[in-house]
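For reference, the structure discussed in these notes is given below.
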Amino acid sequence: METAEQKRRRIIGKQKISDYLIELNNILKINVSSKDLLTIEETDFILSNPYKLQTFFKKTILFEHKAELESAIVNNILESDYGYFIFISDVLQCGAIRISSLNDFNFNFSYDDLNTGIISIVREDLSEKITLDFYEENWLKYIEIELFGR
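For any residue, its number in our numbering is found by taking its place in the sequence shown, counting from 1, and adding 24.
Here it is, written out as structure tokens:
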């Protein structure tokens, strides 16, 4: 059952949903509509599960060398052909999205495709988490890849 706090966030999310969907569609190869999003309650449930995960891979690359991004992830995770949840800014107000595999993720996204520079990708069984943190430092753009697992 939706709490008052979740209802408040859902109402705020209605104002942000169009920009949120644009961002999701920029980083995914599939077309996402609001009907595809998890509810606020479902999103909160996933986020509230304690992922007892340890960092097992961390690498920082220049953003322009994103060809390394996909191989760094795919070569180090359990399997890419598994369901994953995507978390970006405003996920608490709009809801997460589930993708059927990492093949649905656009590894060739642009630096300006998101308002904030963090994408979290969590395996459906919560056994792995991928964090992509992209930022600018000294006029160079970077992406930090961090993989967590059990």
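Glycine residues also receive a C-beta, built at the ideal position from the N, C-alpha and C atoms. Values in this document were obtained by computation on a predicted structure and should not be read as measured data.
Could you tell me if residue i is buried or exposed, where buried requires 16 or more neighbouring beta carbons within 10 angstroms of its beta carbon?
i: VAL98; result: exposed
i: ASP149; result: exposed
i: ILE167; result: buried
i: LEU156; result: buried
i: PHE80; result: exposed
i: ASP114; result: buried
i: GLU47; result: buried
i: ALA96; result: buried
Quickly, what does DSSP pair residue i with across the bridge? List them, please.
i: TYR108; result: ILE123 and ARG147
i: GLU64; result: With the sequence shown as reference, residue 64 is identified as Ile, and Glu is not the correct amino acid for it. Beta-bridge pairing links ILE64 to no other residue.
i: GLU152; result: GLY173
i: LEU93; result: DSSP lists no partner for LEU93.
i: PHE158; result: ILE167
i: LEU138; result: DSSP, once it has assigned bridges, lists no residue as partnering LEU138.
i: LEU52; result: PHE129
i: GLN39; result: None; GLN39 has no bridge partner.
i: GLN78; result: GLY173
Tell me which residues share the same chain as residue i and place their Cβ nearer than 7 Å to its Cβ, disregarding the 5 neighbours each side in the sequence.
i: ASN73; result: LEU150
i: SER58; result: ILE41 and LEU45
i: ARG33; result: ILE64, LEU116 and GLN117
At a threshold of 7 Å, does residue i count as lining the ligand GDP (C-beta to nearest heavy atom)?
i: LEU164; result: Judged by which ligands are present, the structure shown has none, so any question about the ligand GDP falls away.
Which of the three DSSP states is assigned to residue i in this structure?
i: LEU45; result: helix
i: LEU71; result: helix
i: LYS83; result: strand
i: LYS165; result: strand
i: ASP114; result: coil
i: GLU88; result: helix
i: GLU29; result: helix
i: SER58; result: helix
Leaving out five residues on either side along the sequence, give the residues of the same chain with a beta carbon under 8 Å from the beta carbon of residue i.
i: GLU70; result: With the sequence shown as reference, residue 70 is identified as Ile, and Glu is not the correct amino acid for it. Taken in chain order, the residues that qualify are LEU62, PHE109, ALA120, VAL146 and LEU150.
i: GLU94; result: PHE131
i: LYS76; result: ARG174
i: ASN127; result: LYS53, SER104 and ASP105
i: GLU66; result: GLY119 and ALA120
Let me see if you follow: with CB-CB separation under 8 Å, is residue i close to chain C or not?
i: LYS53; result: Although the question refers to chain C, the structure presented lacks it and comprises just one protein chain.
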